[in-house]
Each structure stands twice: as C-alpha cells, then as structure tokens.
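Asker: The structure is given below, and queries will be raised subsequently.
Residue numbers (this note's numbering): 54 to 419.
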C-alpha cells in the first residue's frame, strides 16, 4: 500500500515537471469498449500499438490491460512493453492516471485527482467511472510512489505546465459547473498551484471547438519550451475555431509566464475539419448513458495533441493538407528529438489523441 500524504506538493517543495524533462516510463491503457471504439476496438488497438511502438523505442512503456484482453494485447505489443492487468472503464491514461511531481533532490511523488468521466451525471461521457477513479492510486501503489489524494476533480489533459511555475488551462473546462461547482475561480487557481507546485495560471477562455472534454487545453494549447506555446489555429474566418483561437492568441500575447517572460506563440493549423463517416458511426455500439458517435459529427482534430518523450515526439497526422506543415513545425520546435508520426484518426474517433492516451512518469532520481 502506498503512503498517503497530508499537505500539498508545493508546500513540500515538489512541482510537476515539463513533459520534455527526462522520463523513466510512459503509461497507457489498452482500448476495448465497443461503445466508444468501433468494430470491437480492433482498429483502435492497432492505433494504440503504433503509439506504443513509437514510444518504447525511446523509453520504457507500461500498458494497462484488462484480464480479458491480456493475451490479445501481448500479441500486438513489442516484447519490451511491460503489460500489467488492471480494471478500467476506458483508455484515457492522461486523464485517469496520476500527475507525477518531483523535488530538487529528484524524489518522486504523485497526485491522485478525483475523476468523474468529464462531468459526472451532468455531461459526463460514460457511467460508471469508479474503476477509472482508482487508476491513479493503483499506478502509484505499483510504483511505490507516495500519494497526495486531492479533493478536487481534474483530468490530466485539462492542464499543461512549463515546469518552471506556469500552468495553462481553460475556463471552459475547469470553471464548468460539472467539475468543482463549490469552488470559485480563485480557489481553483489556488488548488492548481498547490498541487502542481506552480506560481501562475494562464486562463484561456475556451478549447478546440466541440471538444467533448469541455475544452481540454492539451488539445488546444501547450508549452513546447519555457516561454513557447503551441496553439491550434485556423485561417478560415468562417470556422467557429477562428474566433476561439484568436481569443486565446490575445490572452497569450498579453501574458507573461511565472518568470516574467513574454510568450512566443507558434500556430499549428488544425486538420480538416474532420467529421465522422456513416461507416465509422455504424461500427460503434450505441449504449444509453454513453457519448454517442453520430454520422457527420465534427471531431476536435488537433496537431497539438502529441506526446513529448525521451528523444522523441509522437505526432498524430490525418492524411491532411496541413500534415506536412505540422511535421516541419515540430522539427523546428524539437530539433533534438525524432518526430515520429502515427495515424491520428482512429484515436480521434474515440474522443482524443496521442497525448490523451499517454501519461509520463518523470525520472527524478531514478
């Protein structure tokens, strides 16, 4: 049993490191539920396998798998991937897994947030979610990492940090009444700083248009380096995303980070717009209480939703006219890392992308 700590990471001298800092492991969850992943999740399993292969060439990777899928996943995954059996409700490790924090001595701890499936009974994407609310605790126990249990609903994809005291998030998500309705904006900001070891929160009004997570920032705007933010963009003034992205651009261009730096904003033009086809919608089981997949529905496609690992960035692409520009931009932003592209459409059909299905564990002193 892992040790549950009192206090907060910030009070104890811990912070959430930036994603580009050294990692000792990446965590993922194997997809299988047929009411979210089409055709019995077989195409999604191949997509997740592609992501896992790209990452495990550069760092250790652990895949969480249900008992019923254990052998199937083993057949799909490289031998070096560690496979562990665990009960889950779906496969979004970014949102259900722990947020790891470190101190200057390299000690590692973890934050176990409350999870309510992106809104609970008021807009949540599935019910029940009790298995997913235990994922972070189980991961921390497995790793022998002391744990802070936050009395605060938060998904890992709703925040991004520069590792130097600055947090990015959206009002659309964290101020939504279906997350922490009893808290004011100031109280939510205080919680973020205390549990992430941060000093400043930059609030963007909204996230990607029609993002079913209520505007997770990791699909919209993320740090690529201290003082550098990638932003989902469109040049089409008739697209609803144009107003949202310009709104965010104005905030970012007038903001400074926790160390007083002005921010450089790098625009990444969105793919598409991308819509669900009739065949894709027909392949998903329709179950009451679960977010439906409907023909013609617009998907929240984004190149920002990538994974930054040890010596690698795993970037989703969409067979889109904007793919090449996105690849070139990432090569410029991350010249010391290999840019590995993976097909992003299949993961997007489930509601997220590469960043959403991964969670990094920093090395610290390991």
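We put the CB at the ideal spot given by N, CA and C, even for glycine.
Please say whether residue 367 and residue 360 have beta carbons closer to each other than 8 Å?
Answerer: Taking the chain shown and counting its residues from 1, the one referred to as residue 360 is at position 307. Taking the chain shown and counting its residues from 1, the one referred to as residue 367 is at position 314. Yes, the Cβ-Cβ distance between residue 360 and residue 367 is below 8 Å.
Asker: Should residue 84 go down as buried or exposed, given a rule of 16 or more other Cβ atoms within 10 Å for buried?
Answerer: For the purposes of this step, residue 84 is identified with residue 31 of the chain shown, where counting begins at 1. Its Cβ being crowded by 16 or more others within 10 Å, residue 84 is buried.
Asker: Keeping to the same chain, check which residues put their C-beta closer than 7 Å to that of residue 102; ignore five residues upstream and five downstream.
Answerer: The residue given as residue 102 occupies position 49 in the chain shown. Excluding positions up to five away in sequence, the list reads 129, 130.
Asker: With respect to the alpha helix (DSSP H) encompassing residue 129, which residues constitute its N-terminal and C-terminal limits?
Answerer: The residue given as residue 129 occupies position 76 in the chain shown. Its alpha helix (DSSP H) spans residues 123–129.
Asker: Does the stretch 110–120 come within contact of the stretch 168–177, defined as at least 3 CB pairs closer than 8 Å?
Answerer: They do not touch, by the three-pair rule.
Asker: Looking at the unbroken beta strand (DSSP E) that takes in residue 286, where does it start and where does it end?
Answerer: Translated into the one-based positions of the chain shown, residue 286 becomes position 233. Where residue 286 is concerned, the enclosing beta strand (DSSP E) stretches over 281–286.
Asker: Excluding five sequence neighbours on each side, which residues of the same chain lie with their C-beta closer than 7 Å to the C-beta of residue 61?
Answerer: Position 8 of the chain shown, counted from the start, is the residue given in the question as residue 61. Once the five neighbours on either side are set aside, the close Cβ partners of residue 61 are 201, 247, 248.
Asker: Identify the continuous beta strand (DSSP E) that holds residue 165 and give its terminal residues.
Answerer: Stepping through the chain shown from its first residue, residue 165 is reached at position 112. Its beta strand (DSSP E) spans residues 161–167.
Asker: Alpha carbons only, please: which of 352, 320, 381 is nearest the one belonging to residue 403?
Answerer: Here the question's residue 403 lines up with position 350 in the chain shown. With distances taken between Cα atoms, residue 403 lies closest to 352.
Asker: Taking 8 Å as the CB-CB limit, is residue 409 close to chain B?
Answerer: Any reference to chain B falls outside this structure, which holds one protein chain only.
Asker: Report yes if the C-beta distance between residue 309 and residue 298 is below 8 Å; otherwise report no.
Answerer: Locating residue 309 in the chain shown gives position 256, where the first residue counts as 1. Locating residue 298 in the chain shown gives position 245, where the first residue counts as 1. No, they are not a contact pair.
Asker: Kindly indicate the opening and closing residues of the beta strand (DSSP E) around residue 274.
Answerer: Taking the first residue of the chain shown as 1, we reach residue 274 at position 221. Taken as a continuous stretch (DSSP letters only), the beta strand (DSSP E) holding residue 274 covers 274–278.
Asker: According to DSSP, is residue 399 part of a helix, a strand, or is it coil?
Answerer: To locate residue 399, count along the chain shown from 1; it is residue 346. Three-state DSSP puts residue 399 in a helix.
Asker: When the Cα of residue 261 is compared with those of 187, 410, 293, 79, which residue comes out closest?
Answerer: Here residue 261 refers to the residue found at position 208 when the chain shown is read from its first residue. The candidate whose alpha carbon is nearest that of residue 261 is 293.
Asker: Taking residue 385 as part of the alpha helix (DSSP H), name the residues at either end of that continuous run.
Answerer: Taking the chain shown and counting its residues from 1, the one referred to as residue 385 is at position 332. Per DSSP, residue 385 belongs to the alpha helix (DSSP H) from 376–386.
Asker: Look up residue 256 in the DSSP assignment and say whether it is helix, strand or coil.
Answerer: By one-based count along the chain shown, residue 256 stands at place 203. In the structure shown, residue 256 sits in a strand (DSSP, three-state: E or B).
Asker: Out of 96, 157, 142, point me to the one whose CA is closest to residue 415's CA.
Answerer: Here residue 415 refers to the residue found at position 362 when the chain shown is read from its first residue. Among 96, 157, 142, the Cα nearest to that of residue 415 is on 157.
Asker: For residue 269 versus residue 322, is the C-beta spacing smaller than 8 Å?
Answerer: Position 216 of the chain shown, counting from 1, holds the residue named residue 269. Position 269 of the chain shown, counting from 1, holds the residue named residue 322. Taking 8 Å as the Cβ cut-off, residue 269 and residue 322 do not qualify as a contacting pair.
Asker: Based on Cα-Cα distance, which residue from 267, 250, 136 lies nearest to residue 232?
Answerer: Position 179 of the chain shown, counting from 1, holds the residue named residue 232. The shortest Cα separation from residue 232 among 267, 250, 136 belongs to 267.
Asker: Rounded to the nearest angstrom, what separates residue 242 and residue 234 at their Cα positions?
Answerer: Walking along the chain shown from the start, residue 242 turns up at place 189. Walking along the chain shown from the start, residue 234 turns up at place 181. Their Cα atoms are separated by approximately 14 Å.
Asker: Select from 300, 106, 333 the residue whose C-alpha is nearest the C-alpha of residue 274.
Answerer: In the chain shown, counting from the first residue as 1, residue 274 sits at position 221. Cα-wise, what sits closest to residue 274 is 300.
Asker: With C-beta atoms as the reference, is residue 391 less than 8 Å away from residue 364?
Answerer: As a working mapping, residue 391 is identified with position 338 in the chain shown. As a working mapping, residue 364 is identified with position 311 in the chain shown. Taking 8 Å as the Cβ cut-off, residue 391 and residue 364 qualify as a contacting pair.
Asker: If you follow the beta strand (DSSP E) that residue 322 is in, where does it begin and where does it stop?
Answerer: Numbered from 1 along the chain shown, position 269 holds the residue referred to as residue 322. Residues 317–322.
Asker: If distances are taken between C-alpha atoms only, which option among 350, 356, 345, 389 comes closest to residue 329?
Answerer: Within the chain shown, the letter at position 276 stands for residue 329. If we check each option's Cα against that of residue 329, 350 comes out closest.
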